[in-house]
Amino acid sequence: MDIVIYGFIQSVALLLMAFGFSLVYGVSRLPNFAHGALYVLTGFVAWAFVNRAGWPYPLAVVGALAVAGLAGLLLYQLVLKRIRGMEMSEVIASYAIGLAILEGLRWWGFRGGTHALPTVSDGVAFPFDVPVDHQRLLVVGVGAALLVGIWAYTRFSKAGLALRAIAQDERAAMMLGIDSDRTGMLAVALGSALAGLAAVVIFPLGSIVIEEGYKVLIYALAVCVVGGLGSWVGTVLASFLLGFAQYVTVAYGKPHYQMVVMLLAIVVTLVVRPSGLFGRQKSLEERV
Amino acid sequence: MNAQPQRRKERIDRGIKARAETIYALSSLEELAYLLGPRLLFIVGFLALPLILAPWPYWHRVALSVCVLGLVSVSFDFLANQVGLVSLGGAFFFGVGGYTAALLNTAWGLPPVLAIGLATVVGAGICAVLISPCLPLRGIYFAIVTLMYPLLMTRIIEAADILGGTEGFRGIAGFSSVWTEAYGLILGLLVGVFGLRRYLAEDAGLVIRAVKENDQSVRASGISVAGVRFKALYLAGLLGCFAGAYYVHMYRSVGISAFALDLSILPIAATVIGGGGTLVGPVIGSLILVPLSEVLRDFGSLRIVVYSLVLAGFVVFRSEGILVFAARKYQQFERWVEV
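So the sequence lines, in the order shown, correspond to chains A and B. Sequential numbering from 10 applies to the first sequence in the working numbering. Sequential numbering from 8 applies to the second sequence in the working numbering.
Right, dumping it as structure tokens:
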């Protein structure tokens with residue numbers, strides 16, 4: 010039972026980490042390699058709001074998410090917008106920005122394991138007689154809420170529908186008066202905010218360290234590649250596949266191999282089936 | 008209507024460039040100097056570098072690092088801008104070359120020269136074979152998969168505790184003298200750069216560029232695209248592995264840092280800054296970046312911030328790079344004309 014419960018939690022955490030990346034790539038074909046950096050940035054901003062500015066925790070979280078969204082918006086407006094369509098430039102530029110953010114934070118003095126966000130409660134619940142702390146339950150809750158929220162947003166709101174339209178057929182959408190640049194900006198901002206959301210629910214489980222940024226980028230890439238880049242259904246399924254694989258590796262093998270599993274998953278998937286395990290979902294209608 | 012008269016910049020080849028293009032290049036010393044000048048400046052400059060820097064051993068070392076990074080950058084540039092395979096894993100070539108040389112030297116006791124030579128040839132083969140399954144991939148997919156290769160090597164070496172584990176190898180033989188060390192590397196760099204340029208000017212280079220522009224038409228001509236890519240990968244591997252093997256013998260140790268991210272991102276920065284697609288540009292780029300990062304060494308990770316911002320800035324605002332810009336100024340003059 011342990012495996013089922015903790016594997017499930019691990020999977021939802023992976024989904025949270027990867028969803029922002031998947032959304033941005035799915036909508037505007039922008040590989041946002043600064044994803045991991047935005048994740049760590051939000052964690053530190055929330056930490057600073059709580060411990061330096063003395064804000065109450067919920068306000069700090071909202072503030073940090075706003076900062077993440079703003080960072081994504083700036084990233085798009087200042088950098089990505091100018092090199093849109095040149096895939097390799099997008100990868101290199103966003104990766105460089107991410108590197109600058111992460112190493113900048115390290116230089117600023119955020120290093121070591123001394124920074125941590127408070128958990129919502131220290132209690133422990135016992136679903137199916139397995140002890141699970143409340144923070145992990147929150148991860149699952151936020152993950153579920155995120156899926157429902159995104160589903161509703163992309164189906165019932167005007168901006169969400171525009172995102173889907175651009176993702177399905179950019180030219181046709183532009184002919185109908187949807188601004189590709191505005192949607193791209195919205196997607197990157199939303200994706201960054203999602204990275205931030207993952208950060209504020211997952212970071213309380215451990216401490217905030219710079220290396221998480223690189224790890225999260227690799228995890229997000231692994232999930233998106235295995236699920237098929239740009240396929241949202243694939244992202245969900247792949248995060249469960251990899252989440253359980255990861256948990257089993259940690260439980261029955263050396264924790265060292267956890268990363269090896271992710272990296273191998275990327276390499277093997279790309280070699281054997283570049284469109285991802287759920288590649289047939291890359292057909293236009295189901296991409297969103 | 009625009010009130011101001013519209014103007015555009017017109018670029019015209021300099022007369023001397025037009026004259027120097029054909030057999031008339033031999034007509035006078037001026038044309039010869041025009042053609043040979045930049046090349047000689049580059050070659051003589053590099054050959055003179057160890058002599059000039061001899062009084063400062065530290066900067067002498069830095070100059071050699073420039074050459075090592077230059078080689079890795081040229082290998083990236085060749086793959087990215089000539090073959091069309093953007094590899095974010097320059098560190099993979101470097102690390103494989105380094106570890107092969109270290110093994111050859113410590114286990115078999117080969118002298119440095121032989122170990123480096125063999126590590127270059129064999130290491131490049133290993134890299135090409137290991138990466139070959141990914142050759143059908145292109146664009147962002149190839150970039151992602153090559154980014155993962157060096158990371159995977161690090162993690163496997165760490166987790167399985169093979170190849171010396173996190174410690175790596177120590178006590179690798181060094182060079183007999185400072186001068187062999189310096190000139191072996193510089194010769195390697197010059198041979199690599201100009202050899203590759205010569206190779207690209209031949210028919211083989213035409214095929215390689217064709218694969219980048221339109222692989223379908225290459226296939227239609229009955230040439231195996233995968234074969235051409237494999238060959239190109241091997242050539243790029245030669246440069247990267249040579250750099251890695253040489254570096255290991257220079258510093259007499261090797262560890263998992265040989266696969267570090269630095270070695271993947273710095274060559275890209277050097278290429279973008281120096282000018283992609285020129286093969287000489289990346290060397291110029293590393294000539295700027297390596298001393299810059301040495302100067303900033305005291306600031307810790309701030310130097311990574313500086314060069315990643317420089318990289319992003321160049322990608323966004325000046326994607327042609329320094330050498331392409333300089334070549335244009337050298338070969339053409341510009342003037343504003345009214346439209």
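Beta carbons are placed, not taken as given, at the ideal position from N, Cα and C, and that holds for glycine.
For residue i, would you say it is in contact with chain A, using Cβ-to-Cβ distances shorter than 7 Å as the test?
i: Gly262 (chain B); result: no
i: Gly124 (chain B); result: no
i: Val152 (chain B); result: yes
i: Pro140 (chain B); result: yes
i: Ser308 (chain B); result: yes
i: Ile311 (chain B); result: yes
i: Gly146 (chain B); result: yes
i: Met155 (chain B); result: yes
i: Ser80 (chain B); result: no
i: Ser315 (chain B); result: yes
i: Ala243 (chain B); result: no
i: Ile275 (chain B); result: yes
i: Val93 (chain B); result: yes
i: Arg325 (chain B); result: no
i: Phe266 (chain B); result: no
i: Leu318 (chain B); result: yes
i: Ala166 (chain B); result: yes
Note the first and the last residue of the continuous beta strand (DSSP E) segment covering residue i.
i: Gln89 (chain B); result: First-last for Gln89 (chain B): undefined, no H or E at that position.
i: Glu345 (chain B); result: 339-345
Taking residue i as part of the alpha helix (DSSP H), name the residues at either end of that continuous run.
i: Lys224 (chain A); result: 220-236
i: Ile19 (chain B); result: Looking at the DSSP string, Ile19 (chain B) is not in any alpha helix (DSSP H); the run it does join, the beta strand (DSSP E), is 14-20.
i: Trp64 (chain A); result: Trp64 (chain A) -> no alpha helix (DSSP H), and no H or E assigned at all.
i: Asn112 (chain B); result: 97-114
i: Phe253 (chain A); result: 241-261
i: Lys4 (chain B); result: Outside the displayed span of chain B (8 to 346) sits residue 4 (chain B), for which this structure offers no information.
i: Gln144 (chain A); result: 143-165
i: Met271 (chain A); result: 266-281
i: Thr153 (chain B); result: 146-167
i: Leu48 (chain B); result: 36-60
i: Val120 (chain B); result: 119-138
i: Leu39 (chain A); result: From DSSP, Leu39 (chain A) is part of no alpha helix (DSSP H); its letter is neither H nor E.
So is residue i buried or exposed if we call it buried at 16+ other beta carbons inside 10 Å?
i: Arg180 (chain A); result: exposed
i: Val51 (chain B); result: exposed
i: Gln89 (chain B); result: buried
i: Leu272 (chain A); result: buried
i: Glu220 (chain A); result: exposed
i: Val297 (chain B); result: buried
i: Gln19 (chain A); result: buried
i: Thr192 (chain A); result: buried
i: Ser183 (chain B); result: exposed
i: Phe306 (chain B); result: exposed
i: Gln144 (chain A); result: buried
i: Leu270 (chain B); result: buried
i: Thr51 (chain A); result: buried
i: Thr29 (chain B); result: exposed
i: Gly252 (chain A); result: buried
i: Ser166 (chain A); result: exposed
i: Pro140 (chain A); result: exposed
i: Ser31 (chain A); result: buried
i: Arg304 (chain B); result: exposed
Is the shortest distance between the beta-carbon of residue i and the beta-carbons of chain B less than 7 Å?
i: Ser98 (chain A); result: yes
i: Gln155 (chain A); result: Looking at the sequence shown, residue 155 (chain A) is not Gln but Leu. No, Leu155 (chain A) does not count as interfacial toward chain B.
i: Ala102 (chain A); result: yes
i: Ile275 (chain A); result: yes
i: Glu220 (chain A); result: no
i: Glu217 (chain A); result: Before going on, a small fix: residue 217 (chain A) reads as Ile here, not Glu. No, no contact with chain B.
i: Glu9 (chain A); result: This structure leaves residue 9 (chain A) out entirely; chain A is present only between 10 and 297.
i: Pro140 (chain A); result: no
i: Ile14 (chain A); result: no
i: Gln290 (chain A); result: For Gln290 (chain A), the predicted structure reports a pLDDT of 42, less than 50, and the residue's modelled location is therefore unreliable. A value from the coordinates is still provided. No - not a single Cβ of chain B is within 7 Å of the one on Gln290 (chain A).
i: Gly164 (chain A); result: Checking the sequence, you will find Arg at residue 164 (chain A) rather than Gly. No, because no Cβ of chain B sits closer than 7 Å to the Cβ of Arg164 (chain A).
Hey, is residue i's beta-carbon within less than 7 Å of any beta-carbon in chain E?
i: Val269 (chain A); result: Annotation note: the requested chain E is absent from the structure, which comprises protein chains A and B.
How close, in whole Å, do the beta carbons of residue i and residue j come, if the pair is a contact with beta carbons under 8 Å?
i: Met160 (chain B); j: Phe266 (chain B); result: 5 Å
i: Leu196 (chain B); j: Leu78 (chain B); result: 6 Å
i: Ala57 (chain A); j: Gly205 (chain A); result: Contact doesn't hold; Cβ gap of about 13 Å is too wide.
i: Ile187 (chain A); j: Ala176 (chain A); result: Wrong, their Cβ atoms sit about 11 Å apart, outside the cutoff.
i: Gly81 (chain A); j: Ser201 (chain A); result: 3 Å
i: Cys134 (chain B); j: Phe100 (chain B); result: 5 Å
TODO: Any chance you could list the alpha helix (DSSP H) runs of at least 4 consecutive residues sitting entirely within the segment 271-328 of chain B, in chain order?
DONE: Note on the segment 271-328 of chain B: whole alpha helix (DSSP H) runs with a minimum of 4 residues are 288-302, 309-324, in chain order.
Task: Continuous alpha helix (DSSP H) assignments of at least 4 residues falling wholly in the segment 177-211 of chain A - done: Taking only runs of at least 4 residues, the alpha helix (DSSP H) segments lying wholly in the segment 177-211 of chain A are 179-184, 189-211.
Task: Every unbroken alpha helix (DSSP H) within the segment 185-222 of chain B, with a cutoff of 4 residues, ordered by chain - done: Fully contained in the segment 185-222 of chain B are the following alpha helix (DSSP H) runs of length 4 or more, in chain order: 185-208, 210-220.
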